[in-house]
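With the sequence shown counted from 1, adding 4 to any position gets you this note's numbering.
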Amino acid sequence: RFFFFFFSILNMGDREAILAAVTEKHELQHVETVDKAAPKIEADVKVGKSPMPDLLKEVTKPHELQHVETVDKAAPKIEADVHVGKSARPQLFAEIEQAKKE
5 RFFFFFFSIL
15 NMGDREAILA
25 AVTEKHELQH
35 VETVDKAAPK
45 IEADVKVGKS
55 PMPDLLKEVT
65 KPHELQHVET
75 VDKAAPKIEA
85 DVHVGKSARP
95 QLFAEIEQAK
105 KE
């Protein structure tokens, strides 16, 4: 947006000079950098063998499971006198559509 605004306030001669300066070839200077992104590892740190392969072998072996008795109380409790009727939502949407047409 800024460029469109900037070019719109310049007259045609200035605009052409700016475009010519931007599109001409430029010599770039060489830059030396110091990359500090590498992780620092202390000299006394020792990396050992990962226990993951042994763990995966143990987990994927067949296991003998024991039967467990549970009491599931997660089911919803609905009173005996509650009755579920037809939803009025489709009728509501139809009324809204009708109101839009009017």
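Heads up, the beta-carbon is just placed ideally off N, CA and C, and yes, glycines get one too.
Length of the line joining the Cα atoms of residue i and residue j
i	j	result
residue 90	residue 79	23 Å
residue 69	residue 57	23 Å
residue 19	residue 106	54 Å
residue 67	residue 60	13 Å
residue 31	residue 42	31 Å
residue 27	residue 33	18 Å
Residue i CB to nearest heavy atom of the ligand NAD below 7 Å
i	result
residue 101	The ligand NAD is absent from the structure shown, which contains no ligands of any kind.
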